[in-house]
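Residue numbers (our numbering), protein chains in the order written: chain H, 1245 to 1680; chain A, 53 to 323. Notes for the one structure printed next.
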Amino acid sequence: MKKKMLVVLMVLLATILTACGGSSDASDNADGKVKIRLLTRMAGTSSQAQIYKDIIKEFEAKHSDVVVVDESQGDESAFNNKLKTDLASGTLPNIFRVQGVANLNEYIESGLLMDMDPVLKDDPEWGQNFTEGALKYYQVPGHEGTYGIPMESGLIGVYYNEELLKKAGINEFPETWSELTAAVKKLKGIDVTPIALGAKATYMAGHLHNQIFYKWMGTEAAKKLGTRELKWTDSEVVKTLEYVEDLNKLDAFGKSAAGISDEIAVADFLEGKAAMIITGPWNIGKFTNPSETEYAEAIKLAKFPYFDEKPEFKDEDMQIISPYMVNGKLEGKEKEYTIELLKMLTSAEAAKRFAEEAQFLIPRSDIAIDNSKVSDLFLHNIELGATSTGIAVDVFDFDPLPSMQDRTRNSIVSILIGGKPKDAAKEIQDEIDKSK
Amino acid sequence: MKKKIILYVFVIAMALMFIEPMLFTLVSSLKGNKEIFSSPFSLPEVFRFENYVIAWQEANMSRYFLNSILISMATVIILAIVSSMASFTLSRFNFKVNKFLALFFLLGMMIPMHTVLVPVSYIIGALELKNNLVALVLLYVAFSLSFSILVLTRFMKGINASLEEAALMDGASYFQIYFKVILPMSVPAISTVSIFNFLGAWNNILFPLLFINDDRLKPIALGLLNFSGERGSEYGPLMAAIVITILVPLVVYLLFQEKIESGLAAGSVKE
């Protein structure tokens, strides 16, 4: 009996292992084909991810001798885990993405990033039509060349519910900080959360501070923090954190801001429970969809208010810029194909499709968008974005310390739950000093 | 009586606490994104059963499901064989190296998976073992071996030596003793570790994330990531996929629940 069991067990194991082994053989479809690995954030069920996948299929159909392995991950921690281990074990994908600018230094020095300048110059039709500011973002101080191809851009501004603002007696969107604080008070009066913010997703608190920081000190100041010409504990920088505290003291974000996620914040805004939200163009699809919100007609976009005493930074804006990076170690046919795929993903034609079908903006100046196919809100985002005199993404993007993303965001969240701006500034500065 | 009431209140409160996330997942799996966030705790206005269809078909869950079963079963069987053999040697013999070996195996439990990711992924890359399910199974086996050996050794130490001596007197070889005396008596403990090993392999997302990128070979846990976009996810189908994913471990647990509990207690008391 027991012997029979053992035999059965062994047979079962053997079957399973052959099944496993068999399927692994089937996957080994290299057979001399060029393999192109992609690790981007274009994943999930969104329409931009769908277009991205379509373009890859198109590319594969064009070249029978290429296999594209798309390992892209939408989930941030899954993406980071993959990229980190790939970097450490020397198996970097052909096209990938690194967030931030200053931390590109070490990648460039170890030859992991391809300088895109020659490629951009080689094909002027494709290469010369990226907007200058976006390309410039990937020119890293201390290194010649451009180390990323911008694949997404757009103003991060204040989307507001005009109907609610009018109800509170605000006829014009606040242009300045003092008008903003006055509006917050009025909105409290009609029992609406003035600004939807879900600090559980710490980036939302970070984005709020970015806005305040650029309007108070300009985008160049963020670079100075990165090069250590400025300190987080400098009074001017602390001041930007104090403005976060000021808004919080006015109860601008509602009582539960610290505990809710970004998605709940967006839902609150869509339902008219909140009057404003700071976000990027990726939510425009929801804002203009009548089945998502009854306020589809009333949702408008403006830049974050500037400070009365700092009109010079009125158009210093936070914009999203995301890149594709290319593996610097590629050679021969692999390199050729990788660049071709990159061009297909960022061409004017692709940009038109991304804009019209997914309201997703590639920073090119030659996109012939059919205005009837996109929403006014999206067009307005493009218009406003074009007026920026200075562009930056996150303040920590210019910091060579990789831990600054979490450090700055967490410290800003601490202000929202009653921490002091000075302590938050010290906490961030300590992290920098500690690393020296 | 009073004590009993307090006990019951406590137990019911705990039961509610544990069942709440599952109920939430189940209810949310029938809603759309908007409804999940605007009225998270209410019943769905319209029951969207199509979420399950989307999860099963569009996200390729059917294939992932099969892969997960294959991977988990292989892991469980290999672990049961290897760890019971090691435990037999550690618990029933007095070799000089046994103490060192026991400690050596135990040390494995002190190593968190994340700390060795880089060397492991280097090895997997260098040996070209990406997209290889056998390699994945062996990784699971390696990381679960310590726990399995620990539990089984403790259990086997509790088995009365006279049985083994009787078998020896009757002329049984050591392999026969292992196979005919110790192994059948260790079934409760082996079941326990097998359940844990099954859950471990079923739920692991990190190794397949790093080492499996062929869509045909992905396990179900990785399939859940298919619904995560950079900025927002489709929570309805995601929740449906989660319900599908937890169904198997839930059934396995319910079926073997008694064995798990008795197995965990086993070995703690020596006769």
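We treat Cβ as the ideally placed atom computed from N, Cα and C, and that holds for glycine. Quantities reported herein were computed from a predicted structural model and do not represent experimental measurements.
{"query": "Val1311/H versus Pro260/A: straight-line alpha-carbon distance, rounded", "result": "20 Å"}
{"query": "Which of helix, strand or coil DSSP assigns to Ser285/A", "result": "strand"}
{"query": "Beta-carbon spacing of His1453/H, Thr1425/H below 8 Å", "result": "no"}
{"query": "Collapsed DSSP secondary structure at Asp1636/H in the structure displayed", "result": "It should be noted that the sequence gives Ala, not Asp, for residue 1636/H. Reduced to three states, the DSSP call for Ala1636/H is strand."}
{"query": "Beta-carbon proximity of Asp1650/H to Leu1399/H, cut-off 8 Å", "result": "no"}
{"query": "Under 8 Å between C-beta atoms of Ala1449/H and Asp1506/H", "result": "no"}
{"query": "For Tyr1403/H, the nearest candidate out of Ser1658/H, Tyr1568/H, Ala1509/H (CA to CA)", "result": "Ala1509/H"}
{"query": "Secondary structure of Pro1438/H, DSSP reduced to three states", "result": "strand"}
{"query": "Residues that Asp1319/H contacts on chain A, provided the C-beta gap is smaller than 7 Å", "result": "Leu277, Ser280"}
{"query": "8 Å Cβ shell around Ser1271/H - same chain, five flanking residues per side excluded", "result": "Interpretation of Ser1271/H is limited by its pLDDT of 37, a score under 50 that renders its predicted location unreliable; no figure is taken from the coordinates."}
{"query": "Best match in Asp1435/H, Lys1544/H, Ile1352/H, Lys1499/H for proximity to Asn1415/H [C-alpha to C-alpha]", "result": "Lys1544/H"}
{"query": "Whole-angstrom distance between Asn1533/H and Ile176/A, CA atom to CA atom", "result": "47 Å"}
{"query": "Ser90/A beta carbon less than 8 Å from that of Glu1593/H", "result": "no"}
{"query": "Asn146/A, enclosing beta strand (DSSP E) - first and last residue", "result": "Unbroken run through Asn146/A: none, as it is neither H nor E."}
{"query": "Alpha helix (DSSP H) segment containing Arg1597/H, residue limits", "result": "1592 to 1602"}
{"query": "Chain-ordered neighbours of Ile1508/H on chain A, where CB pairs are closer than 7 Å", "result": "Phe89"}
{"query": "Where Phe1598/H falls, given that 16 or more other Cβ within 10 Å makes a residue buried", "result": "buried"}
{"query": "Whole-angstrom distance between Leu188/A and Met137/A, CA atom to CA atom", "result": "22 Å"}
{"query": "CB contact check: Ser1271/H to chain A, cutoff 8 Å", "result": "At Ser1271/H, the pLDDT of 37 sits below 50, so the modelled position is not reliable and the matter cannot be decided from this model."}
{"query": "Beta carbon proximity, Arg283/A to chain H, threshold 8 Å", "result": "yes"}
{"query": "Close Cβ partners of Phe101/A (< 8 Å) along its chain, the five nearest in sequence each way excluded", "result": "Leu82"}
{"query": "Neighbour flag for Gly1629/H against chain A, beta carbons, 8 Å", "result": "no"}
{"query": "Length of the line joining the Cα atoms of Thr77/A and Ile294/A", "result": "8 Å"}
{"query": "Within-8 Å CB hit, Val1342/H to chain A", "result": "no"}
{"query": "Segment limits, alpha helix (DSSP H) that includes Met1648/H", "result": "1648 to 1660"}
{"query": "Partners in chain H for Leu169/A, counting only beta-carbon separations shorter than 7 Å", "result": "Thr1329"}
{"query": "DSSP-derived helix/strand/coil call for Gln1294/H", "result": "helix"}
{"query": "7 Å Cβ cut-off: residues of chain A touching Trp1460/H", "result": "Residues of chain A passing the Cβ test: none, with the nearest at roughly 27 Å."}
{"query": "Chain-ordered chain A contacts of Arg1285/H [CB-CB under 7 Å]", "result": "Glu282"}
{"query": "Three-state secondary structure (DSSP) of Asn1324/H", "result": "helix"}
{"query": "Gly1401/H burial status per 10 Å Cβ neighbour count (16 or more: buried)", "result": "buried"}
{"query": "Nearest candidate by alpha-carbon position, reference Leu1589/H, set Pro1368/H, Pro1394/H, Glu1407/H", "result": "Pro1394/H"}
{"query": "CB contact below 8 Å: Ser173/A versus chain H", "result": "yes"}
{"query": "Interface partners of Gly46/A on chain H, CB under 8 Å", "result": "The displayed coordinates of chain A run from 53 to 323. Any statement about residue 46/A would go beyond what the structure contains."}
{"query": "Best match in Leu1356/H, Gly1634/H, Ser1291/H, Arg1285/H for proximity to Met1461/H [C-alpha to C-alpha]", "result": "Gly1634/H"}
{"query": "For Tyr1391/H, the three-state DSSP class (helix, strand or coil)", "result": "coil"}
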